[in-house]
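Colleague: What follows is a single structure, and I will ask about it in a moment.
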Amino acid sequence: MSPRPSDRYLVTIGTFDGVHRGHRQLLSWVKELAKRRGLKTRVVFFVAPPRFYFKPELKVPLLTGGAERRRLLKELGIDRVEVLRFGPRWAEMSHTAFFESYIVHRWRAGGLLVGRDFAFGRGRLGDLAFLKAACAARKMTLGVLPLVRMGRRKVSSTRIRALLAAGDVAKAGRLLGRPFTLRGRVVHGSHLGRKLGFPTANVHVPAEVMAPPGVYEVLVSGGPLKEPRRAVCNVGVRPTVDGTRHRHVEVHVPNWKGHLYGRVVSVSFVRRLRGERKFASVDALQRQIARDVSRVAD
Numbered sequence: 005m006s007p008r009p010s011d012r013y014l015v016t017i018g019t020f021d022g023v024h025r026g027h028r029q030l031l032s033w034v035k036e037l038a039k040r041r042g043l044k045t046r047v048v049f050f051v052a053p054p055r056f057y058f059k060p061e062l063k064v065p066l067l068t069g070g071a072e073r074r075r076l077l078k079e080l081g082i083d084r085v086e087v088l089r090f091g092p093r094w095a096e097m098s099h100t101a102f103f104e105s106y107i108v109h110r111w112r113a114g115g116l117l118v119g120r121d122f123a124f125g126r127g128r129l130g131d132l133a134f135l136k137a138a139c140a141a142r143k144m145t146l147g148v149l150p151l152v153r154m155g156r157r158k159v160s161s162t163r164i165r166a167l168l169a170a171g172d173v174a175k176a177g178r179l180l181g182r183p184f185t186l187r188g189r190v191v192h193g194s195h196l197g198r199k200l201g202f203p204t205a206n207v208h209v210p211a212e213v214m215a216p217p218g219v220y221e222v223l224v225s226g227g228p229l230k231e232p233r234r235a236v237c238n239v240g241v242r243p244t245v246d247g248t249r250h251r252h253v254e255v256h257v258p259n260w261k262g263h264l265y266g267r268v269v270s271v272s273f274v275r276r277l278r279g280e281r282k283f284a285s286v287d288a289l290q291r292q293i294a295r296d297v298s299r300v301a302d
């Protein structure tokens, strides 16, 4: 027995990295179309684009990890969100098996919305020509999502990554539709910040997520911080103190006493203060940190 229309979904499949303004505009269209057709909404996304699997040399950091992306999509009112990690099983699956087993049966699609260059299945044989025929046979709606632009340029995750890499967190935030934000749990570190007179919260950020190196003014919230607090965030390898190869995300909240250990916090980037660099001495580093803090302290 076929599912009733109210049990079926308008499905859209993609990566949705960053859940930026372009994605949000498209998803508002998805919700409106689903409402008109009497369908629920379902977004299916791969944490990393499938092309990273086939061509690892193309791999770049992500704007959002899987859990954060799912949270943002649910906040937008999407009924169901499916999180997938591309691997051998997906790479070897035929386009017909993907369509029947997943789109039709598992995700209960009553309609499908995809990008104009969307293709799936082994050899990318599940292209728009295939989908038009397959959806028509199933009496399913098929729509092609348009590009979204700000000015003359397309809003894209690639463009936002480039802005973050250049230190333009304000413009990146405008394209995202919100400040670029890292979320993670505060973990114990080496307490170097406390020894320097500026205790820091060490935020664990998934290795696959982009954290642009430098020193930033940020807003921190979460845990005992009921309201966002202005803070200084250093992203980098601490070259003056120990020069580790591992990236650290460290946040100092001026004029606040307490601890955040074990709590999940959000670090929203406001502006870049300077690049991370190696100082001639620890004293010189301390003086610079004091200047950084004075620029953001309440």
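In the numbering used here, the protein residues as written are 5 to 302. Built from N, CA and C at the ideal position, the CB exists for glycine as well.
1. Report the option in Ser32, His109, Gly18, Pro183 whose CA atom is closest to the CA atom of Phe124.
2. Determine the burial state of Arg12: buried for a count of at least 16 other Cβ atoms within 10 Å of its Cβ, exposed for fewer.
3. Within 10 Å of its beta-carbon, does Arg73 have 16 or more other beta-carbons around it, so buried, or fewer, so exposed?
4. Should Leu77 go down as buried or exposed, given a rule of 16 or more other Cβ atoms within 10 Å for buried?
5. Around the C-beta of Ala52, are 16 or more other C-beta atoms found within 10 angstroms, so that it is buried, or is it exposed?
6. If I'm right that Ser105 touches Thr185 with Cβ under 8 angstroms, what's the distance once you round it to whole angstroms?
7. Can you give the Cα-Cα distance for Phe134 and Val64, rounded to whole angstroms?
8. Considering His27, what are the terminal residues of the alpha helix (DSSP H) in which it resides?
9. For Arg233 and Phe103, what's the separation of their Cα atoms in angstroms?
10. Considering just the uninterrupted stretch of the beta strand (DSSP E) at Leu129, what are its terminal residues?
11. For Val148 and Arg276, what's the separation of their Cα atoms in angstroms?
12. Which residue spans inside the region 190-222 form an unbroken alpha helix (DSSP H) run of at least 4?
13. Could you name each continuous beta strand (DSSP E) segment of 3 residues or more that falls completely within the region 140-178, going from the start of the chain to the end?
14. Are there three or more Cβ pairs, one per stretch, closer than 8 angstroms when the region 197-206 is compared with the region 256-265?
15. Could you give the distance in angstroms between the alpha-carbon of Leu116 and the alpha-carbon of Lys143?
16. Determine the closest residue to Leu14 out of Arg251, Val85, Phe20, with distance taken between C-alpha atoms.
17. If I measure Cβ to Cβ from Ser270 and keep anything under 6 angstroms in the same chain, skipping five residues before and after, which residues do I get?
18. Under the three-state reduction of DSSP, which class applies to His250: helix, strand or coil?
19. Since Arg46 sits in a beta bridge, which residues does DSSP pair it with?
Modeller: Based on what the coordinates show:
1. Gly18
2. Flag for Arg12 reads buried.
3. buried
4. buried
5. buried
6. Actually they do not touch by this definition, with Cβ atoms about 36 angstroms apart.
7. 30 angstroms
8. 25-41
9. A direct Cα-Cα distance of roughly 48 angstroms separates Arg233 from Phe103.
10. Where Leu129 is concerned, there is no enclosing beta strand (DSSP E), given that its DSSP letter is neither H nor E.
11. 38 angstroms
12. 196-199
13. Taken in chain order, the whole beta strand (DSSP E) runs of length 3 or more contained in the region 140-178 are 145-149.
14. Three or more pairs of CB atoms, one per stretch, sit closer than 8 angstroms, so the region 197-206 contacts the region 256-265.
15. 11 angstroms
16. Val85
17. Thr185, Arg187, Ser225, Gly226
18. coil
19. Answer is Val15, Arg84.
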